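Numbering (the numbering used here), first residue to last: 1 to 63.
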């Protein structure tokens, strides 16, 4: 599966997840997994890869 995702599609998907979270409260911490693949990146040749991504808001723990 190798296709480009537009910014609007990504934002809409995040909005749907957040809206579903607000609609039905659950008694556990929900997580979302995201997998990203990079084109033309050889991990054997290009050993160093670093970067930061700021994710907002931080998860809240409900006890």
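Idealized CB from N, CA, C, for every residue including glycine.
Note that the coordinates shown come from a computational prediction; the quantities given were computed from them, not determined experimentally.
With respect to the 8 angstroms criterion, residue 32 and residue 17 are classified as neighbours on the basis of their beta carbons.
In the displayed model, residue 44 falls within coil according to three-state DSSP, outside both helix and strand. Pairing residue 21 with residue 12 gives a Cβ-Cβ distance that is not under 8 angstroms.
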